[in-house]
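Numbering (the UniProt record's numbering), first residue to last: 1 to 168.
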């Protein structure tokens, strides 16, 4: 993630129109890294338990695509629950292969906190399941909660529960 990406995410968190140029109002702290802490969703729940205002960043293998989501609420590692929040969002960041970043927000967005099922979801639009590296069950899907697609149309399927991108 570049400094430009961090400034753009900060802009989205604050819902500002004018971009931050240099002075980022936020100091991002890396809490978990797959290569260091493991790629299991359980690691995310354990390390981020009771932590709010988190950004999850994923790099899609072999595409260079960078996807993610922002959760203003706390993750909880001991209770399966669905949480509604108008302040969450999902995104795809600008890369060498993609001209512009994509932001998907919703007044009725939700975050699904399911540690007992090893699932972390932003509605049905961005789903992290099990071991992100070996199980290959994570996906992006069409979703009413986050209506703007965060990935290219070539990966879109009409069925809500058909995975459109599988992360590996």
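Even for Gly, the Cβ is constructed at its ideal location relative to N, Cα and C. Keep in mind it's a predicted model, so treat the numbers as computed, not measured.
Q.
Less than 8 Å between C-beta atoms, sequence neighbours within five positions excluded: which residues of the same chain meet that for residue 31?
A. Closer than 8 Å at the Cβ level, and outside the excluded window around residue 31, lie 47, 48, 51 and 54.
Q: Have a look at the DSSP bridge pairing and note the partners of residue 231.
A: This structure leaves residue 231 out entirely; the chain is present only between 1 and 168.
Q: Taking 8 Å as the threshold, find out whether the region 114 to 123 comes into contact with the region 76 to 94 through three or more Cβ pairs.
A: Between the region 114 to 123 and the region 76 to 94 there are three or more inter-stretch CB-CB distances shorter than 8 Å, so the stretches are counted as touching.
**Q.** Pair within 9 Å by beta-carbon distance, residue 8 and residue 106
**A.** No Cβ-Cβ contact shorter than 9 Å links residue 8 with residue 106.
Q: Would you decide whether residue 75 is buried or exposed? Buried here means 16 or more other CB atoms lie within 10 Å of its CB.
A: Label assigned to residue 75: buried.
(Q) Which same chain residues end up closer than 8 Å to residue 158 when comparing Cβ atoms and leaving out the 5 residues on each side of it in sequence? (A) Because the pLDDT at residue 158 is just 39, under 50, the model does not fix this residue reliably, and the value given afterwards should be weighed accordingly. Cβ-Cβ distances below 8 Å link residue 158 to 142 in the same chain, with the five nearest sequence neighbours on each side left out; the list follows chain order.
Q.
Quick check on the DSSP output: the beta strand (DSSP E) that includes residue 52 runs from which residue to which?
A. DSSP places residue 52 in no beta strand (DSSP E); its state is neither H nor E.
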